[in-house]
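Student: One structure, pasted below without further comment.
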Ligand SMILES: Nc1ncnc2c1ncn2[C@@H]1O[C@H](COP(=O)(O)OP(=O)(O)OP(=O)(O)O)[C@@H](O)[C@H]1O
Ligand SMILES: Nc1ncnc2c1ncn2[C@@H]1O[C@H](COP(=O)(O)OP(=O)(O)OP(=O)(O)O)[C@@H](O)[C@H]1O
Ligand SMILES: [Mg+2]
Ligand SMILES: [Mg+2]
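Chains as they are written, first to last, in the working numbering: chain A, 7 to 502; chain B, 32 to 322; chain C, 24 to 386; chain D, 17 to 338.
This is the structure in C-alpha cells:
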C-alpha cells in the first residue's frame, strides 16, 4: 500500500527553481533512498512532504487520501516524523526534553519528569548511547546530537520516518546500529525515506531509490536492479570518471621536516596527553570513534581550547595559541566540525563568507576590494562546484553540502601552512567529494600540510600519508605508508 | 531623626529645594534621612515605609502625585509618626492623616500670571501656552488658574497649547514649531509657560525666528530661577511668579511644635510667592546668585 | 560542472545581499521605510502647506522642514552609533546619559574659563569615548549582557552628570560653542552639517575598510567569527566607543542649543528614540546587516512625526497614541505579509468597483 | 551542586550577603519587618518581572509592562472611583484587557514578523497614551473593598506585615513555576528561545506559543497594575514610568539570558529582591543626595553583576574539573 504519494511538486526560491514537478512515492514497510547531488532539491522535497515548507504546486496524498500539510506539528500528529538535515534540536534543553518536547507524558496534569528520564534512557539505549539525559544537549558533540535527533524521530515515527542525511557524522558502528533499528521499523510496516551521499549505505539498506537532479525527477529504481555506476550516472547526468572515488592512489611524497609537533599536549577535561607530528607536505588523518577526541585535537592545535600541559611546536617555534586569531596569524587554518554554529555566517553572502578569513588575516585597514572578493569567490564556486546563481546569495540559503564547500573554500583561500579539517566532507556529494580529495592532494603537493579527521575510513585511506588513531581522548596508534588500509585502521580502533 | 522623601532632582528648582531642607536640618542639628525617588511614586512610598521601619520621629513628603498616599499614611499613623506634606498637594479623604501641608497654590500662581498679563495687554491677547508634563499637578492647576482669569476677557485666548515637559530643550523645540504653525508668530501677543526652564528655551526660539522676546511676544512664567531673572533683567522675559524653594524652615518649625506637644497646627501653610517683573529683576538676580 | 547554467544565473540579478557601495541602490529594503517617510510628509502637505516653505531669514534657512532636520540631529547622531552597536547584536542604553555628561563637562569647562573651543570640544569627545570604552569593556571583557551593562551607566551616568553640575542647570555664554547648536554655514544649520560629516566619516570607515564586514560578521555569528580570527572583542569595543563619541557630539549640540547643560533632561529617553529609528530603518536587534542610511531615514520618520503632531494642534494628551499607531503602521509597511494583504485588499476593492461600474452600465 | 543552578545559588548568596551587611550597619535593618516590606513593596515589580521572565526566555522582550500597569491603574480608578463599579467586576475586565493587549502584540510579532522590542515599545506608547486619554489627572480609588484588602493579612513576629499583595505574589510564583517546568507550554517557551527555527521544525506551535507568551505578560502586568492600585489606592497615567527597565534588570540579574532559552522564575524573584534591598539600603543610609543615589545604584548594580559573573564562571569551571 502506498503511504505517501507526491505528484508534480513545485518549489521556487528567489532565483532558484528548487523543485520542478517532482513525483515521489513511499510504500508501507520500505526504505526508500532519495539521492542527488548537493543542491538537487532533496531537502526541499523533504520539507514540503513534512509540512515545514509550503510547495508552490503539486499535490500530496497520505494513505490514499489528499492531505495538505500546514505545519510540522500537523505532520507529526498524523504520523509523519522527520529528522532534518543539520541537527535541528534545541541546544538549551536537556537531552530528555529534546526527545519528548510536545509529547511529554503527564501525571495529574503535570509533566512526569521521572518517566521522561526513564524512557529517554531506554530510547537512547537502542543506539548504544549511555549519556546523562538531564544535561543540556549542547554539552554533547555533534555526532551525539545527531543520534539524539534520530532517536527522537524513530521514537515518534508512527507511519512515516524521514531521515535527511542522518549519517553524515556517524562512524561505521553507529551507522550499523541505526540500520538495525531501521530494519526493525520496516518490518513493523513503517515507511522510511533515507537521504545520504554514501552509496554503500544506500545499497546496504534501501529497497528503492529516487534520484533528483537540478530540482527535477530523474527516475525511480529498484535498488537491487541498479548497478552503482548507473546510479552515479543518473545523479550526475553523466559518467563519473571512475578512479576519483575508489581506490587510493598515493604518490610517495618525500615528507619534509616537522611542521607541527605535539608533545604530550593535553586539555583539561577533554584531551589526554597526546603526541603527534605533522611534517611539511604531509597529510595526517585522525581516525577514531565518536567522542574519541579527534575534534579535541583539532581544537587544541588551533587555540580554540587552551592546552593545559605539554608543548606545541609549530614551524620550529614553541607556541601557545590563546585564540584562533593567533593560530591563523602563525599560518594555521581550521575548518570546524559544527558548520551551523562555528562555520557559516548566515545572512552574509557567499562572497563575503569566502573572503572573511583572508580579510581577517589581512586586518581591517587593508580591505579587499569588491572585485578581489568576487574573483576569489568565483574561482572557488567553479573549483568546488558550488551550486548557486551568483556569489551574492546569502550562504544560509544554500543547500547543506554547498555550505560545506563554501566553508572549505574560505580556508583554502587563506593558503595556510597547515590546514586542519574536521569532517571536511560532511554532507558533500560524490562528485564534489572527488574534487575535494583531488584538491587536497594537490595542496599537499604544493607543500601545504594537512591534519584531517573523518568518519569515513575510505576517505582517510585515500589521501593520508599517516593515520593517527584516537581512542578515549588520546592517541593509541599510528599507521604509516603502505600499511594504511580500512581494515588496519578498524583493527587499531577496536583493540582494547 | 526626620525622614524626607523627595521627588527627585528633575529641575534646578527641585535641587535648591532639597539643598535648602538639608542646610536647614544641619543648622538645627537634626539627623535628616534623605531619599530621592527619581520621579517615581512607588519609590517614594517605599522610602516612607522604610522611614517607618527605621522609627524616625517625623516624615516629610514632597509628593510626586496627589493621590495614592492613604495606605502609607495609615502606616505612619499606626506608628505614631507625624507627616508633613511639602510643595505639591495630596488628596486624602481624612485630612487628619497628615499634620499639615506647606506649599504654594498652583491654581493661584496661574491666576497671578494671567492677571498680570491681562493688565499689561488690556485683555487683548493671543496666547501660546507651554504646558508642563502631561498629567503633572503643577501643569493641570496652573492651566486651570490661568484659564479662569483669561475666561473673563473675551478678546484674550490661548491659540495653541503643547507640552514642553518642563524642560528647556523641549520648550525651545515646541516653541519653534508652534511659531511656524502660527505663520511666523507676528500676530501673537504673549507666551505663557508653566515653568521658567521652558520659557528660557522658548525665548531662544523666538529670537531665532527673528522676533524680539519680551517685546514682540511677552513672556510670563512661574518659578523664579536665577537664569530667568537674568533674562528679565536683559529685557527678554517679562514676569514670573516666584515659587519659593525654602520650605525646610517652616516644615521643621511645625514638626518641632508638634513634637513639643502643640496640637494646634494649621492644615495649610501657604507660601505662594509674589510676581516679579523686569523692574526688580536685576536686583533679584544679584540677590539670588549671591553676587 | 555547475547545477545551474551560467545563463540562468544571469537572468536573476536579484541580490538579497546588502549594499556594499557608499550609496545604496533603491531596492525593496530601502523602498518601504522611504515610503513611510513620504506618506508622513504627504499628511503634512494636507494638514499645513506652509510645512514645506523654506525661507531665508537672517541668512539662515528657515522653515518646518529645516526644523525637522535640525531637531533630528541629536537623535541622528545617536542612531549612527546605535546602528553599529545593534549590528554587533548589542544595544546601548547609556547614550542619553552620555549626552548629559558630555554637555555637563563642556558647560563646566566653559564656565570654568577654558577659552579654547577646541579644548572644550575635545574634552566632550574624550569623555564620550571614555564612556564608550567602559561600556565596551563591560560587554566584551566581562561578558555582561549589553542591555544590563549599559543600563548601569544609563542610571549612574545621569547621576555623574548632575554631580558635575551640582544639580543645577549650568548656563554659559560662548559664541563659538553655541555655534555648534545654533550656528549655520551657508544658511544650513550647523547640526545638520555635523550629522552629515559624522555620517560620511563613519560610512567611509565602515565601507572603505573591512570594519563593516567584521561588524556584520560578529553580529551574525559571533562563534564563527571567533574561528575566523576576527577579534570580536576589539570590534565590540570599537562600536561602543563610536556610539559614545556620537552621543557626546549629540550632547554638545543639545547643550549648545539651549546654552546650558541640563543634566537631568538632556537626552532623556532619547536612547529609545535612537533604537526605534534604527529598527524602523529595518535593522534586526539580533545583529547582522546594517545600513546607516536607513537608520537616518528612521530618524527622520520619528522627528517628522513629532513635528507634525505639534504643528497639527492636537491636544498633547493624544501625542503618544498617535505616535504608537504611526510606528506600528510604518513597521507593518515593511512586513511582506502586510504588503501582500494590502495588495489583495486593493485588488478586491478594484474588482468590486469594476463590478459595480459594470452593473451600473448594464442597468 | 548542580551546575545549572550555580547562578541561582550565587545570586541568592549575594542577596543574603547584602542583607547581612545592611543589618550590621543599621539599626532595624536586620528585621523580619524589612524583609516583609521587601515583598510588599516590590510585589507589583515581581509579578511583572515574572511575566517578563517568560518573554525573555522565549527570546523576546516586553517594554509595555510599565505602561500597562499605569493603564490598568487608571482604568480601575475610572471604573471604580468614578463610575462606581465594584472592584470584583472591574478586575476580571482589566485582567482580560491586559491579556488581550499582550495577545495582540504577540500576534503582530508572530504574523507580521515584527521585532518584539519595537512592537512592545509601540505598545508602551499606546498604553500610556490611552491611560492619559482616560484621565490625565491621578484618580483616587475609594472603595470599601480596597480597605478590606488593605486590612487583609497577618502580622508575623517583629511587626512584619504579610498582606494581600504578598499572597498574590506567592500564588503567581507558584503558578509560574508550574507553567515553566510542569506544562507543555513551558517547554515550548524554552524551545522558542533556544532556536525558533528548530522549534518550528520539532512541531512547536509557534503562533499559539508566541501569542500566549505576550498574553501572559500582559495579564501579569494587569495583575501587577491591580496590586499597584492596592499599594496606592489610586490610578495615575504616569505611574510606573521606566518600570520595564527595572523588570528587565531584575530578570537578568536573576540569571536569565536575554538571548533566550534559559532562566528561572525563582531567579527573577531573587533579582527583584536584590533591586529592592539596594533601594532599602540607600534609604536607610539617607545621606546620599539625588545624584549620588543614582551613582551608588549604578555602582552596586555593577559590583553585583561583576561578582555574579566571576562566581558563576568559577563555579562552572569547578564543575568542569570535577
Ligand atoms: N531558503 C532558501 N532560499 C533560497 N534558495 C534556497 C533556500 N533553501 C534552499 N535553496 C536552494 O534550493 C536548491 C535545493 O536545495 P536543497 O537544500 O533542497 O538541496 P539538497 O538536495 O538537500 O542538497 P544537499 O545534499 O547539499 O543537502 C539549492 O540550489 C539551494 O540553493
Ligand atoms: N559515547 C559517548 N558517551 C558519552 N559521552 C560521549 C560519547 N561520545 C562523545 N561523548 C562526549 O562528547 C564530547 C565531544 O566529543 P568529540 O567531538 O571530541 O568527539 P570526536 O572524536 O571528535 O568525534 P566526533 O566529532 O565524530 O563526534 C566528548 O568530550 C565526550 O564528553
Ligand atoms: Mg540537503
Ligand atoms: Mg568531532
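Using N, Cα and C, we set each Cβ at its ideal position, and we do this for glycine too.
DSSP three-state label for residue 480(A), please.
Tutor: Residue 480(A) falls in the strand class under three-state DSSP.
Student: Out of 497(A), 243(A), 335(A), point me to the one whose CA is closest to residue 43(A)'s CA.
Tutor: Per the Cα distances, 243(A).
Student: Check the Cβ-Cβ distances between residue 252(C) and every residue of chain A, and say whether any is below 8 Å.
Tutor: Yes, residue 252(C) lies at the interface with chain A (some Cβ there is under 8 Å from its Cβ).
Student: Say whether the region 281 to 299 of chain C touches the region 101 to 115 of chain C, bearing in mind that this needs 3 or more beta-carbon pairs closer than 8 Å, one atom from each stretch.
Tutor: A contact exists between the region 281 to 299 of chain C and the region 101 to 115 of chain C.
Student: For chain C, is any of its Cβ atoms less than 8 Å away from the one on residue 211(B)?
Tutor: Chain C contact via Cβ: present.
Student: With respect to 7 Å, is the separation between the Cβ of residue 406(A) and the closest non-hydrogen atom of ligand 3 below this value?
Tutor: Indeed, a heavy atom of ligand 3 lies less than 7 Å from the Cβ.
Student: Does any C-beta atom of chain D lie closer than 8 Å to the C-beta of residue 40(B)?
Tutor: Taking Cβ atoms only, chain D reaches closer than 8 Å to residue 40(B), which makes this a yes.
Student: If we count Cβ pairs, one from each stretch, closer than 8 Å, do we get three or more for the region 122 to 137 of chain A versus the region 231 to 246 of chain D?
Tutor: Touching, no.
Student: For a contact meaning CB atoms closer than 7 Å, what does residue 1(D) contact in chain B?
Tutor: With chain D represented from 17 up to 338, any question about residue 1(D) goes unanswered, as that position is not in the structure.
Student: Please tell me whether, using a cut-off of 7 Å, the distance from the CB of residue 49(A) to the nearest non-hydrogen atom of ligand 3 is below it.
Tutor: Yes, the Cβ of residue 49(A) comes within 7 Å of a heavy atom of ligand 3.
Student: Flag this pair as touching only if the region 27 to 45 of chain A and the region 434 to 443 of chain A have three or more C-beta atom pairs under 8 Å; answer yes or no.
Tutor: Cβ pair count under 8 Å is three or more, so yes.
Student: State yes or no: is the beta carbon of residue 351(C) nearer than 8 Å to at least one beta carbon in chain D?
Tutor: Interface residue, yes.
Student: Do residue 420(A) and residue 376(A) have their CB atoms nearer than 8 Å?
Tutor: Contact flag unset, no.
Student: Could you check if residue 161(C) is buried or exposed, using at least 16 other CB atoms within 10 Å of its CB as the buried criterion?
Tutor: By the neighbour-count rule (16 or more Cβ atoms within 10 Å), residue 161(C) is buried.
Student: What residue range does the alpha helix (DSSP H) around residue 226(C) cover?
Tutor: Looking at the DSSP string, the run of the alpha helix (DSSP H) that includes residue 226(C) is 213 to 230.
Student: In this structure, what does DSSP give as the bridge partners for residue 26(A)?
Tutor: DSSP lists 16(A) as partners of residue 26(A).
Student: Are residue 188(B) and residue 142(B) closer than 8 Å when you measure CB to CB?
Tutor: In this structure, residue 142(B) does not lie closer than 8 Å to residue 188(B) by Cβ.
Student: Return the chain-ordered list of same chain residues with a C-beta closer than 6 Å to the C-beta of residue 204(C), the five sequence neighbours on each side being excluded.
Tutor: 276, 279, 280.
Student: Write down every uninterrupted run of the alpha helix (DSSP H) in the region 301 to 377 of chain C whose length is 4 residues or greater and which is fully enclosed by it, in chain order.
Tutor: Runs of the alpha helix (DSSP H) inside the region 301 to 377 of chain C: 315 to 335, 342 to 357.
Student: Do you know offhand how far residue 73(D)'s Cα is from residue 122(D)'s?
Tutor: Cα-Cα distance, rounded: 15 Å.
Student: Indicate whether residue 349(A) and residue 171(A) have their beta-carbon atoms separated by less than 8 Å.
Tutor: Not a contact, by the Cβ cut-off of 8 Å.
Student: Here's the rule: buried if 16 or more other CB atoms are within 10 angstroms of the residue's CB, otherwise exposed. What is residue 497(A)?
Tutor: Exposed is the call here.
Student: By DSSP's criteria, residue 218(A) is part of a beta bridge. Which residues make up the other side?
Tutor: According to DSSP, which records beta bridges pairwise, residue 218(A) is partnered with 223(A).
Student: Kindly say whether residue 247(C), judged by its beta-carbon, lies nearer than 8 Å to any beta-carbon of chain D.
Tutor: No - not a single Cβ of chain D is within 8 Å of the one on residue 247(C).
Student: Around the Cβ of residue 252(A), are there at least 16 other Cβ atoms within 10 angstroms (buried) or fewer (exposed)?
Tutor: Any reading at residue 252(A) needs caution, since the residue's pLDDT is 39, under 50, leaving its predicted position unreliable; the model's value is listed next. The residue is exposed, with fewer than 16 neighbouring Cβ atoms inside 10 Å.
Student: Excluding the five sequence neighbours on either side, which residues of its own chain have a C-beta within less than 7 Å of the C-beta of residue 357(C), listed in chain order?
Tutor: Taken in chain order, the residues that qualify are 55, 56, 305.
Student: Considering only heavy atoms of ligand 1, does any lie closer than 7 Å to the CB of residue 394(A)?
Tutor: Yes; taking the cut-off as 7 Å, the Cβ of residue 394(A) has a heavy atom of ligand 1 nearer than that.
Student: Give the list of continuous beta strand (DSSP E) stretches no shorter than 3 residues that lie fully inside the region 118 to 175 of chain D.
Tutor: Those beta strand (DSSP E) runs which fall completely within the region 118 to 175 of chain D and span 3+ residues are 169 to 172.
Student: Sorry if obvious, but does the Cβ on residue 19(A) come closer than 7 Å to a heavy atom of ligand 6?
Tutor: Here the bound small molecules are ligand 1, ligand 2, ligand 3 and ligand 4; ligand 6 is not part of this structure.
Student: Entirely within the region 173 to 221 of chain B and at least 3 residues each: give me those beta strand (DSSP E) ranges in chain order.
Tutor: Whole beta strand (DSSP E) segments, 3+ residues: 187 to 194.
Student: Under the three-state reduction of DSSP, which class applies to residue 340(A): helix, strand or coil?
Tutor: Reduced to three states, the DSSP call for residue 340(A) is strand.
Student: What residues in the region 102 to 121 of chain C have a beta carbon less than 8 Å from any beta carbon of chain A?
Tutor: Residues passing the 8 Å Cβ filter: none.
Student: From residue 44(C) to residue 291(A), what does the alpha carbon distance come to, in whole angstroms?
Tutor: Reliability fails at residue 44(C), whose pLDDT of 46 lies under 50, so the model's placement of it is uncertain and the value that follows must be treated cautiously. So the two alpha carbons sit approximately 44 Å from each other.
Student: Is the beta carbon of residue 137(B) less than 8 Å from the beta carbon of residue 168(B)?
Tutor: It is a contact, given that the beta carbons lie within the stated cut-off.
Student: Between which two residues does the beta strand (DSSP E) carrying residue 274(B) extend?
Tutor: Looking at the DSSP string, the run of the beta strand (DSSP E) that includes residue 274(B) is 270 to 274.
Student: Within 10 angstroms of its Cβ, does residue 25(A) collect 16 or more other Cβ (buried), or is it exposed?
Tutor: When all chains shown are included, residue 25(A) counts as buried.
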